[in-house]
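Student: Counting in the numbering used here, the sequence shown runs from 8 upward without gaps.
Ideal placement from N, C-alpha and C gives every residue a C-beta, glycine not left out.
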Amino acid sequence: MSATLQSIEPKTADAEQALTDGFHLVIDALKLNDVKTIYGVPGIPITDFGRMAQAAGIRVISFRHEQNAGNAAAIAGFLTRKPGICLTVSAPGFLNGLTALANATTNCFPMILISGSSEREIVDLQQGDYEEMDQLAIAKPLCKAAFRVLHAADIGIGLARAIRAAVSGRPGGVYLDLPAKLFGQVMNAEAGAKSLVKVIDAAPAQIPAPAAVKRALDVLKSAKRPLIILGKGAAYAQADDDIRAFVEKSGVPFLPMSMAKGLLPDLHPQCAGAARSTVLKEADVVMLIGARLNWLLSHGKGKTWGDAPKKFIQIDIEPKEMDSNVEIVAPVVGDIGSCVAALLSAMGGNWPAAPADWMKTVSTKRDENIAKMAPRLMNNKSPMDYHGALGALRTIIKERPDAILVNEGANTLDLARGVIDMYQPRKRLDVGTWGVMGIGMGFAIAAAIETGKPVLAVEGDSAFGFSGMEVETICRYDLPVCVVIFNNNGIYRGTDVNPSGSSDVATTVFVKDSRYDKMMEAFGGVGVNATTPDELKRAVNEAMDSGKPTLINAVIDPAAGSESGRIGNLNPQSVLKKK
Ligand code: OXT
Ligand code: ADP
Ligand code: MG
8 MSATLQSIEP KTADAEQALT DGFHLVIDAL KLNDVKTIYG VPGIPITDFG
58 RMAQAAGIRV ISFRHEQNAG NAAAIAGFLT RKPGICLTVS APGFLNGLTA
108 LANATTNCFP MILISGSSER EIVDLQQGDY EEMDQLAIAK PLCKAAFRVL
158 HAADIGIGLA RAIRAAVSGR PGGVYLDLPA KLFGQVMNAE AGAKSLVKVI
208 DAAPAQIPAP AAVKRALDVL KSAKRPLIIL GKGAAYAQAD DDIRAFVEKS
258 GVPFLPMSMA KGLLPDLHPQ CAGAARSTVL KEADVVMLIG ARLNWLLSHG
308 KGKTWGDAPK KFIQIDIEPK EMDSNVEIVA PVVGDIGSCV AALLSAMGGN
358 WPAAPADWMK TVSTKRDENI AKMAPRLMNN KSPMDYHGAL GALRTIIKER
408 PDAILVNEGA NTLDLARGVI DMYQPRKRLD VGTWGVMGIG MGFAIAAAIE
458 TGKPVLAVEG DSAFGFSGME VETICRYDLP VCVVIFNNNG IYRGTDVNPS
508 GSSDVATTVF VKDSRYDKMM EAFGGVGVNA TTPDELKRAV NEAMDSGKPT
558 LINAVIDPAA GSESGRIGNL NPQSVLKKK
């Protein structure tokens with residue numbers, strides 16, 4: 008049903024016509040393009056818009072802070088391949104959402120940040136309007152595209168441009184600026200309806216050139232020690248069956264990046280996740296599928312990659328990604344679905360098995376690392392160490408492979424990534440390319456809403472603090488989210504000492520023995536304090552069975568962590584520090 012305005016009283020018979028306005032046109036345009044959910048925070052000038060969108064049947068999820076709403080929209084985009092929508096007020100609300108928009112762009116997640124804005128005439132003369140800010144100019148360098156709509160008749164085109172920009176090619180964040188005056192603009196309803204645009208084929212297939220496909224397969228076939236690296240672009244592509252078929256037909260070991268875990272199960276015989284250092288050092292041909300050679304892969308060179316010369320094959324939708332860090336001898340530009348399908352069909356019937364000595368090297372190292380870790384996961388110490396607590400959570404995900412795992416922190420992140428095996432695609436959501444804290448509750452909320460699956464959010468106590476107020480949102484919408492806080496009294500560790508000897512605690516230390524579980528109880532959810540892996544396991548299982556919002560304060564030994572988790576090497580230390 009159209010939300011056309013019918014209620015304006017005509018003054019004369021001539022003037023009688025059905026009218027619509029900016030509010031209705033934005034809502035109609037969103038609905039026409041199948042937008043089902045908006046994540047946001049209400050206020051001037053979009054309060055009434057939120058109400059009207061809700062009345063028109065769009066689910067409007069109100070958050071406590073725009074950054075969390077933005078993170079929710081971003082991960083909704085990753086999970087659904089449609090742009091997630093975040094709605095904010097002007098200036099400060101817009102800026103709060105902007106971090107999430109920039110993070111989405113960095114991670115190649117499609118989202119649209121729609122912000123109300125102040126009056127152009129006043130903003131441009133800098134006359135001090137309510138929440139005055141030139142939002143379009145500020146957003147531009149931080150996202151893939153930015154648009155402003157000034158006339159109601161352009162709302163349809165404006166939204167269409169935003170949708171296309173977000174999902175076509177390399178996905179990313181788009182900013183759409185809607186000045187307050189636009190919402191009240193009135194126009195003829197029929198003309199308004201005609202002005203709306205349903206975006207057809209928003210992310211057109213990008214078919215790779217057959218010569219590029221052949222070149223890639225020739226290089227792969229020539230390898231003595233081949234490796235496939237799967238990145239979150241491969242997870243995003245939703246070409247799960249073809250990716251699995253391609254990897255299995257090639258017989259090549261694969262290394263999943265963090266959010267690509269589960270694309271093929273971590274326990275798959277070709278998985279080299281537990282032999283990471285070995286495969287990166289020793290591989291002679293590396294095929295990247297939806298993964299960039301950025302810091303997470305040491306830029307494709309240096310110590311991590313060893314001395315043996317490497318050849319890189321890269322599959323990516325973004326041509327400029329090729330040769331960004333090292334030479335790519337076989338670039339395959341296209342969308343991953345089309346590229347992998349083309350690779351599979353060009354492989355023909357009899358693809359040679361991967362060299363047996365290489366497979367043996369990989370499986371020996373993998374089995375060794377797994378065996379080394381196994382006893383640590385079974386300890387039942389109290390207070391818990393990371394491995395004891397994660398051993399319990401690992402079993403839970405094994406038994407509930409369709410649950411979604413959200414994960415942030417430093418030690419809490421890095422150790423959970425290694426310990427918790429994933430079994431299905433797009434079930435692990437984490438800090439991504441920027442290593443950003445604060446994605447936790449936004450991701451958890453959107454994951455529950457978009458998929459209807461239970462969510463387990465494993466959070467460092469510091470990481471949780473960046474979005475912790477959203478536990479109220481989780482309770483308000485009664486979402487099946489179980490938050491486990493690894494509470495080690497601080498950032499990395501809770502044992503640092505202020506070197507000045509003053510009564511202030513060290514910069515990385517929090518209040519000792521806090522009870523985060525009480526926060527959830529304050530809003531009617533379930534709170535549990537868990538001091539052993541057994542208690543933790545029992546509490547998480549209960550939460551997952553009941554689907555009730557739950558927060559478990561998992562008491563972790565404050566001395567158990569290490570500085571910056573697995574990336575301590577990136578943390579500069581002064582050699583001139585006074586003792
Ligand atoms: O092959 P080898 O022998 O090398 O072994 C590897 C694998 O083969 C093996 N492995 C296994 N063994 C056995 N079994 C299994 N299943 C298995 N799987 C793997 O294990 C090792 C390691 O494997 P991994 O992890 O794959 O390899 P590696 O070498 O670590 O990989 C390198 C990387 C770079 C790819 C990887 O480390 C990675 O992805 N890292 C991401 C790191 C990251 O993004 N960290 C977050 C940022 S840290 C910091 O910035 C923080 N801040 C500052 C801040 C941020 N970030 N944001 C904002 C907005 N403001 C401030 C803050 C405030 S973290 C932080 C809070 C921290 O405190 P918390 O309380 O939240 O957390 P705690 O630390 O818990 O207290
Ligand atoms: P990871 O952090 O898992 O290594 P990155 O975010 O670095 O992954 O890389 C993801 C890559 O995937 C980006 O270069 C992006 O252009 C690419 N990508 C995203 N979606 C697609 C798609 N549908 N087809 C091809 N490439 C894609
Ligand atoms: Mg901590």
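For residue 326, count neighbouring Cβ atoms within 10 angstroms of its own Cβ and tell me buried if that reaches 16, exposed if not.
Tutor: exposed
Student: Using a Cβ-Cβ cutoff of less than 7 Å, which residues in the same chain neighbour residue 484 once the five nearest sequence positions on both sides are dropped?
Tutor: 68
Student: Answer with buried or exposed for residue 415, where buried requires no fewer than 16 other C-beta atoms within 10 angstroms of its C-beta.
Tutor: buried
Student: State the CB to CB distance for the pair residue 492 and residue 560, rounded to an integer number of angstroms; the pair is presumed to be in contact (CB under 8 Å).
Tutor: 6 Å
Student: So residue 35 packs on residue 124, CB below 8 Å; how close in whole Å?
Tutor: Not confirmed; about 21 Å, so no contact.
Student: Nearest-angstrom Cα distance between residue 315 and residue 45?
Tutor: So the two alpha carbons sit approximately 50 Å from each other.
Student: Under the DSSP definition of a beta bridge, which residues are partnered with residue 591?
Tutor: No statement about residue 591 is possible, as the shown extent of the chain runs from 8 to 586 and does not include it.
Student: Leaving aside the five residues before and after residue 365 along the sequence, list all residues of the same chain whose C-beta is less than 6 Å from its C-beta, in chain order.
Tutor: 232
Student: Taking all protein chains shown into account, do 16 or more other C-beta atoms lie within 10 angstroms of the C-beta of residue 128, making it buried, or fewer, making it exposed?
Tutor: exposed
Student: To the nearest angstrom, how far is the alpha carbon of residue 27 from that of residue 434?
Tutor: In a straight line, the C-alpha of residue 27 is about 42 Å away from that of residue 434.
Student: Can you tell me the Cβ-Cβ gap for residue 405 and residue 428, rounded? I've got them flagged as a contact below 8 Å.
Tutor: 7 Å
Student: Quickly, what does DSSP pair residue 318 with across the bridge? List them, please.
Tutor: 292
Student: Output the distance between the C-alpha atoms of residue 317 and residue 398, rounded to the nearest integer angstrom.
Tutor: 36 Å
Student: Taking three-plus beta-carbon pairs below 8 Å as touching, is the segment 218-229 in contact with the segment 147-158?
Tutor: no
Student: Extract the residue ranges of the alpha helix (DSSP H) inside the segment 438-464, only unbroken runs of 4 or more that lie entirely within it.
Tutor: 447-458
Student: Could you have a look at residue 382 and say whether DSSP puts it in helix, strand or coil?
Tutor: helix
Student: Give the straight-line distance between the Cα atoms of residue 342 and residue 269, rounded to the nearest whole angstrom.
Tutor: Going from the Cα of residue 342 to the Cα of residue 269 covers about 20 Å.
Student: Check this for me: beta carbons of residue 517 and residue 468, under 8 Å apart or not?
Tutor: yes
Student: Do residue 539 and residue 387 have their C-beta atoms closer together than 8 Å?
Tutor: yes
Student: Using 7 Å as the cut-off, classify the Cβ of residue 303 as near or not near the heavy atoms of the ligand OXT, replying yes or no.
Tutor: yes
Student: For residue 530, which option in 549, 477, 547, 580 has the closest C-alpha, if you only look at C-alpha atoms?
Tutor: 477
Student: Would you check whether the ligand ADP has a heavy atom nearer than 7 Å to the C-beta of residue 342?
Tutor: yes
Student: Shortest alpha-carbon distance to residue 521 belongs to which of 543, 502, 547, 494?
Tutor: 494
Student: Here's the rule I'm using: 16 or more other beta-carbon atoms within 10 Å means buried, otherwise exposed. How should residue 312 be labelled?
Tutor: Here residue 312 is buried: its Cβ has 16 or more other Cβ atoms, across all protein chains shown, within 10 Å.
Student: Helix, strand or coil for residue 505? Go by DSSP, reduced to three states.
Tutor: coil
Student: Could you tell me whether the segment 194-211 touches the segment 159-171, using the rule of 3 or more Cβ pairs below 8 Å?
Tutor: yes
Student: Would you mind giving the Cβ-Cβ distance between residue 458 and residue 86, rounded to the nearest angstrom? I have them listed as a contact below 8 Å.
Tutor: 6 Å
Student: Which residues mark the beginning and the end of the alpha helix (DSSP H) in which residue 334 is found?
Tutor: Taken as a continuous stretch (DSSP letters only), residue 334 belongs to no alpha helix (DSSP H), as it is neither H nor E.
Student: Measure the beta-carbon distance from residue 570 to residue 578 and round it to whole angstroms, keeping in mind my assumption that it falls under 8 Å.
Tutor: 6 Å
Student: Would DSSP call residue 53 helix, strand or coil?
Tutor: The three-state reading of DSSP puts residue 53 in coil, since its state is none of H, G, I, E or B.
Student: Which of helix, strand or coil does DSSP assign to residue 115?
Tutor: Here DSSP, grouped into helix, strand and coil, assigns residue 115 to coil.
Student: Going by the DSSP bridge assignment, what does residue 93 pair with across the sheet?
Tutor: 46, 120
Student: Taking the alpha-carbon of residue 276 as reference, which of 290, 120, 533, 377 has the nearest alpha-carbon?
Tutor: 377
Student: With respect to 7 Å, is the separation between the Cβ of residue 446 and the closest non-hydrogen atom of the ligand MG below this value?
Tutor: no
Student: Quick check on DSSP: helix, strand or coil for residue 37?
Tutor: helix
Student: Can a CB atom of chain C be found closer than 8 Å to the CB of residue 344?
Tutor: In the structure shown, chain C does not exist; there is a single protein chain.
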